[in-house]
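Each residue of the sequence shown is one higher than the one before, counting from 19 in this note's numbering.
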Amino acid sequence: MARRAFLRIAGGAAAAELAVGCGVTARRGLVVEPARRFSKVKVSSDRVIRTVVGLRPFRPSGFVVKTDKLDAKTIVHNYGHGGGGMTLSWGTSHLAVEQAQAALGDLRQCAVLGCGGVGLATARLLQRRGFDVTIYAKDLPPNTTSNISGAQWSPATVYDTDHLTPDFDAQFGRAARLSHREFQNLAGDYYGVRWIENYVISDRPFTRAQGASQNIQDLYPDVKDLRPKDHPFGERYVRRFTTMLIEPSVYLSAVMRDFLLAGGKVVVRELGDLRAIAALAEPVVVNCTGLGAKALFGDPELMPIKGQLTVLLPQPEIDYITLENDLYMFPRRDGILLGGTHERNVWTLEPNVDAMRHVLDGHAQFFARMK
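Dropping the structure here:
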């Protein structure tokens, strides 16, 4: 698949591309950095503890936030985030809740379909505005697609650049900024959100990124180019920036607790068709079903992009992210995540053994080149 077609997998390549662009104006020459210690990731097949597969709910024209009618009921859609679901969750949920509040008026009951990152953010924002919320979902954490995400804060695989419109770009920028601010408020151990240094590694000089997401480059702070003697990586060109990393197992559990403590209700139930939705008691329903919206609401544009992560035993000493071409490494408490893969319109959840081997071999060679 052409790299220019869409921002790539789970944050890694897209974050690198954005950092390339914003670094052009943010820096003046190479930066002399004080020495810091980089522990190496131990990459070997006998350290693999699991391989996980998830399907990103991707739309070439980007996510959907809009209002429809279903008989007397109002449906507010909030789905189709691609690989940016966790990253954009609070932002698009702000947009959706604005529409839901306008539809609710003096009514207080609202339903949310889906209990992943987007559904939980939507439910909590509705609660903040004083509404009584019930979540209807087939799967709850830890069994959601959001639990499988790499969850580096970076809105990746969100749309095809040749489908980008000025209106969507403005909506995307607003959602990204709202979400970025919300996650800053959640930084800390309780929610499993932390700031972390990212290192983009290349054997070629960096140039300005073109096309998508130019309007959010300032959300990637502290962009600096490093001299070869100031970093341990095997390639000559290294760019550093800082972003947030989210631990899905910690984060989703914490937000679910907040929702329940605030009086929210959860009904474990699969709503298989529009008649089941129309029969709900709540007058307003926010649709956060992700890829499920394809069958439920008949969205012909919605498709999966299959992603796969290979997880190694945890290494608490690893305190940085690496991004090199299509390979990326995220260090989390539940393991070292190695990616990445992207398979458009592939529905299977079976691990791709060849892809796992490519990711393992690529990272083994990468860390072997470290000084």
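Backbone N, C-alpha and C define an ideal beta-carbon position, used for all residues, glycine too.
Best match in the options for proximity to residue i [C-alpha to C-alpha]
i	options	result
E215	V273, S62, Q170, E361	Q170
A118	G290, R199, G210, I93	I93
Q189	D372, S79, G308, N343	S79
L144	V176, L122, D207	L122
F348	V286, A294, L204, E265	E265
P322	L367, K283, D243	L367
N305	G132, L331, F186, E342	G132
P342	V218, A296, I354	This sequence places Glu at residue 342; Pro is not what is there. Taking only the C-alpha atoms, the option nearest E342 is V218.
A114	A141, L88, M104	A141
R351	D372, D207, P318	D207
R54	D236, L278, F251	F251
V82	Y338, P318, H360	P318
R68	H181, P332, P223	P332
L330	T307, A311, G316, G357	G357
L263	T85, F384, G168	G168
R254	T163, K389, L309	K389
Y97	D89, H112, N233, K91	H112
I295	Q232, A90, R362, V241	A90
T15	V256, F201, Q202	Given a span of 19 to 389 for the chain in the structure shown, any question on residue 15 remains unanswerable.
G290	K283, G282, K312	K312
V284	M274, L292, T261	M274
G109	D236, G137, A120, I336	G137
R245	R258, I234, D236	R258
S164	A139, G316, A193	A139
Q235	P369, E335, G191, F277	G191
N363	L309, G353, D221	L309
N233	H181, T85, A193	A193
F56	H249, N370, H360	H249
F277	L88, T85, R146	R146
Q202	G148, A297, P239	P239
R222	R212, A205, V211, D243	D243
S107	V371, T307, V241	T307
Segment limits, alpha helix (DSSP H) that includes residue i
i	result
M104	103-122
D13	Here the chain comprises residues numbered 19 to 389, so residue 13 is not present and cannot be evaluated.
R293	292-296
S271	266-279
Endpoints, the beta strand (DSSP E) within which residue i is located
i	result
E200	Per DSSP, E200 belongs to no beta strand (DSSP E); it is in the alpha helix (DSSP H), 184-203.
K91	91-97
N216	211-220
G206	Per DSSP, G206 belongs to no beta strand (DSSP E) and is neither H nor E.
R74	66-76
G310	That residue, G310, is in no beta strand (DSSP E); it is neither H nor E in DSSP.
G325	321-330
V176	Counting along the chain, V176 falls outside any beta strand (DSSP E), and DSSP gives it neither H nor E.
A129	127-131
N233	Element bounds for N233: n/a, residue is neither H nor E.
L289	Here L289 belongs to no beta strand (DSSP E), and DSSP marks it neither H nor E.
T225	Unbroken run through T225: none, as it is neither H nor E.
M243	The sequence shown places Asp at residue 243, not Met. 242-244 is the extent of the beta strand (DSSP E) around D243.
K87	82-88
V302	302-305
Rounded distance between the beta-carbons of residue j and residue i, thought under 8 Å
i	j	result
V59	L378	About 11 Å separates the two Cβ atoms, so there is no contact after all.
L4	V286	In the structure displayed, the chain extends from 19 to 389; residue 4 sits before or after that span and is not available.
A272	Y209	5 Å
L314	R77	L314 to R77, Cβ: 15 Å. No contact.
G135	L279	Wrong, their Cβ atoms sit about 19 Å apart, outside the cutoff.
F384	L345	7 Å
T359	A373	5 Å
E361	K156	About 24 Å separates the two Cβ atoms, so there is no contact after all.
S172	T261	6 Å
CB contact check: residue i to chain D, cutoff 8 Å
i	result
P318	Within the model displayed, chain D is absent; a lone protein chain is all it includes.
So does the segment 64-74 actually touch the segment 325-332, counting three or more Cβ pairs closer than 8 Å? yes
Assess contact between the segment 149-160 and the segment 184-204, defined as three or more Cβ pairs (one per stretch) separated by less than 8 Å. Is contact present? no
Taking contact to mean 3 or more Cβ pairs, one atom from each stretch, closer than 8 Å, check whether the segment 293-305 and the segment 125-133 are in contact. yes
4-residue-minimum alpha helix (DSSP H) runs that sit fully inside the segment 141-168, ordered along the chain: none
Indicate whether the contact test is met: 3 or more Cβ pairs, each with one atom in the segment 168-185 and one in the segment 95-110, closer than 8 Å. yes
Sequence ranges, beta strand (DSSP E) only - wholly within the segment 335-377, length at least 3: 338-342, 345-350, 353-357
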